[in-house]
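Structure first, then comments.
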Amino acid sequence: MPLFELGYDVAHVGFDQWNGVAIASRVGLDDVRVGFDGQPSWSGKPEVAATTEARALGATCGGIRVWSLYVPNGRALDDPHYTYKLDWLAALRDTAEGWLRDDPAAPIALMGDWNIAPTDDDVWSTEFFAGCTHVSEPERKAFNAIVDAQFTDVVRPFTPGPGVYTYWDYTQLRFPKKQGMRIDFILGSPALAARVMDAQIVREERKGKAPSDHAPVLVDLHAG
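In structure tokens:
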């Protein structure tokens with residue numbers, strides 16, 4: 198059944214099969230914006246002009262500013278995409294910091310696939326991921342810089358680790374072996390974090406026929 202028949206307003210932006218973001222809301226969808234100020238562009242080929250990828254979508258839903266994010270993967274530590282990832286995160290930090298500087302009481306949620314496991318507890322094996330993206334020190338510093346800009350991981354207090362993950366690779370029976378990563382986050386501004394009543398990672402949704410390799414991350418809020 199189409200989402201609009203279930204009462205949702207939907208905004209989305211995508212690029213072929215490679216990346217895209219969306220927001221579905223039953224409490225309104227206002228001031229929709231594709232991309233954030235300063236968002237870096239990317240081109241994987243020297244002969245192709247760099248463009249701003251479909252990795253950030255913002256909208257105001259019931260008074261909350263929601264940003265649906267898909268952080269670049271990085272691919273490998275020596276790949277240009279890794280530098281692009283760090284630049285992308287730095288630009289997001291600078292822009293998000295500005296939002297709170299302009300309005301410290303703004304309820305803002307930065308959510309999505311961050312492609313970063315910020316602590317060793319967020320991966321099933323530090324040895325397995327040694328020398329890889331997602332766990333490198335520069336990536337973790339970039340993530341923590343956004344946290345330091347007053348955007349709190351609002352899910353972790355309700356889902357303590359280790360062994361709590363949001364992503365499991367389709368290969369090597371990673372899910373039944375409980376070999377996952379926690380790379381999907383909801384980071385909230387102080388005003389948003391103060392309204393969080395509960396949060397959960399719905400691991401059951403990773404089961405069944407043809408599931409996503411990511412589990413949904415849910416947060417319950419006090420009404421504003």
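198 is the number of the first residue of the sequence shown in our numbering; add one for each residue after it.
Here a beta-carbon is modelled for each residue, glycine too, at the ideal position from N, C-alpha and C.
C-beta contact flag for residue i and residue j at 8 Å
i           : j           : result
residue 356 : residue 381 : no
residue 247 : residue 233 : no
residue 428 : residue 373 : The requested residue 428 does not occur in the structure, where the chain is confined to residues 198 to 421.
residue 218 : residue 281 : no
residue 314 : residue 379 : yes
residue 206 : residue 225 : yes
residue 302 : residue 388 : yes
residue 321 : residue 377 : yes
residue 348 : residue 287 : no
residue 274 : residue 328 : yes
Reference residue i, options the options, closest by Cα
i           : options            : result
residue 367 : 269, 306, 405      : 405
residue 390 : 241, 216, 304, 300 : 304
residue 399 : 385, 370, 365, 419 : 365
residue 242 : 276, 264, 221, 226 : 276
residue 336 : 292, 285, 370      : 285
residue 208 : 222, 216, 202, 215 : 222
residue 200 : 325, 220, 408, 334 : 220
residue 410 : 386, 375, 325      : 375
Sequence-distant residues of its chain with Cβ nearer than 6 Å to residue i (five each side left out)
i           : result
residue 444 : There is no way to answer for residue 444, as the model of the chain reaches only from 198 to 421.
residue 204 : 223
Endpoints, alpha helix (DSSP H) assigned at residue i
i           : result
residue 343 : 334 to 345
residue 389 : 387 to 390
Limits of the beta strand (DSSP E) - the one that residue i falls within
i           : result
residue 289 : Looking at the DSSP string, residue 289 is not in any beta strand (DSSP E); the run it does join, the alpha helix (DSSP H), is 277 to 299.
residue 355 : Per DSSP, residue 355 belongs to no beta strand (DSSP E) and is neither H nor E.
residue 323 : Here residue 323 belongs to no beta strand (DSSP E); instead the alpha helix (DSSP H) covers 323 to 326.
residue 217 : 216 to 222
residue 376 : Per DSSP, residue 376 belongs to no beta strand (DSSP E) and is neither H nor E.
residue 417 : 414 to 418
residue 228 : 227 to 231
residue 302 : Here residue 302 belongs to no beta strand (DSSP E), and DSSP marks it neither H nor E.
residue 266 : 261 to 267
residue 210 : 206 to 212
Whole-Å CB distance - residue i paired with residue j, under 8 Å assumed
i           : j           : result
residue 343 : residue 297 : Wrong, their Cβ atoms sit about 11 Å apart, outside the cutoff.
residue 257 : residue 227 : 4 Å
residue 330 : residue 279 : 6 Å
Same chain only: Cβ atoms within 8 Å of residue i, ignoring 5 sequence neighbours per side
i           : result
residue 383 : 306, 307, 308, 350, 351, 352, 396, 414, 416
residue 418 : 261, 389, 392, 393, 394
Cut-off 7 Å between Cβ atoms - residues of its own chain near residue i, not counting five sequence neighbours on either side
i           : result
residue 265 : 218, 219, 220, 254, 308, 309
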